[in-house]
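Residue 161 in this note's numbering sits at position 161 of the sequence shown; the count goes up by one each step and never skips.
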Amino acid sequence: MLWIGETNLWIAFAATAFLMFFHWITPWLATRLPQNGRAFISFSGGVAVAYVFLHMLPDLVEYNKPIGEYLLKNRWLTPFTELLIYIVALFGFLMYYGLDLIAERYRDQGHDDNLVYELHLLMFCLYNFLITYTMSLRVVSSITATVLFTIAMALHFMLTDQKFCRFYQNKFNRFGRFVLIAALFSGWICSVIFDPVNVMVVALMVAFLAGSVLLNVFREELPAVGVASYSWFAFGSFLVAVVLLMQIWFYVNKIG
């Protein structure tokens with residue numbers, strides 16, 4: 001039984017297909033960016049950071065409300081459980097940060113990294129799965145925000161793919177990239193087939209995803225001094241901020 005309207009599911013599929021395409025096209029595009037991709041990296045970083053601060057972090061506050069109601073209904077609400085969604089987001093942040101550090105250490109020491117690679121790839125499969133599994137929920141709440149999220153994630157994928165190429169170039173380009181593409185499609189398929197267990201489970205999925213996105217945005221998309229273009233970074237941030245603020249303004253005036 002479909003738990004989201006059919007139209008919203010197809011919009012979510014379009015967003016999923018767009019993300020799958022960007023995973024596939026990254027190697028071709030990376031070699032054709034002017035100035036070693038300086039403007040692109042800075043613009044992508046600005047888009048991602050603005051999206052995180054103006055949409056993803058406020059989303060955590062919104063998703064904490066149904067969690068509080070669920071816990072109160074089941075008489076589990078305490079000062080500690082009220083922080084549950086933020087604890088899950090922190091857990092997502094720490095898990096992906098730890099994997100990155102292990103991968104860097106193995107690469108620098110020249111150790112056999114098969115197990116690390118497989119674990120790293122598995123966690124990014126979960127990352128991709130959650131992005132598209134929760135995509136239909138984003139469509140329900142706001143199509144504009146969904147479009148911005150999809151664009152931000154597409155730009156973000158290009159940089160995370162480059163990270164995988166730095167760590168495990170041959171393995172990733174031969175097989176890993178297509179595993180991540182399959183994980184995106186699997187997330188959408190599961191959103192079609194399976195009802196969510198309850199609102200708390202969905203909220204915790206979004207929280208875990210938010211924590212991991214925060215880590216990957218700040219670790220991969222804030223360009224280093226040598227490759228940064230502040231004007232492009234500021235332009236990306238300003239563009240997303242204007243769109244999100246206009247969306248809020250229209251929503252408030254529509255209600256009023």
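Where a beta carbon is used, it is the ideal one built from N, C-alpha and C, also for glycine.
- When L99, L180, L94, A39 are compared, the shortest CA-CA separation from A210 is found for L94.
- Here the region 230 to 247 lies against the region 38 to 45, with 3 or more beta-carbon pairs under 8 Å apart.
- The residue among F175, F238, A48 with its C-alpha nearest the C-alpha of L215 is A48.
- For N128, the enclosing alpha helix (DSSP H) begins and ends at 114 to 133.
- Assignment of F194 by DSSP, reduced to helix, strand and coil, places it in the coil class.
- Counting every other CB atom within 10 Å of its CB across the protein chains shown gives S237 a total of 16 or more, marking it as buried.
- Annotated three-state conformation of S229 is coil, per DSSP.
- Residue environment for I193: exposed (fewer than 16 other C-beta atoms within 10 angstroms of its C-beta).
- With fewer than 16 other Cβ atoms from the protein chains shown falling within 10 Å of its own Cβ, N170 counts as exposed.
- Looking only at M56, L54, D100, the smallest Cα-Cα distance to C165 is reached by D100.
- Straight-line spacing of the CA atoms in N8 and I143 works out to 9 Å.
- When secondary structure is reduced to three states using DSSP, S237 falls in the helix class.
- Taking the Cβ atoms as the reference, S186 lies roughly 6 Å from F129, within the contact range of under 8 Å.
- By the Cβ-count criterion, V213 is buried, with 16 or more other Cβ atoms from all chains shown falling within 10 Å of its own Cβ.
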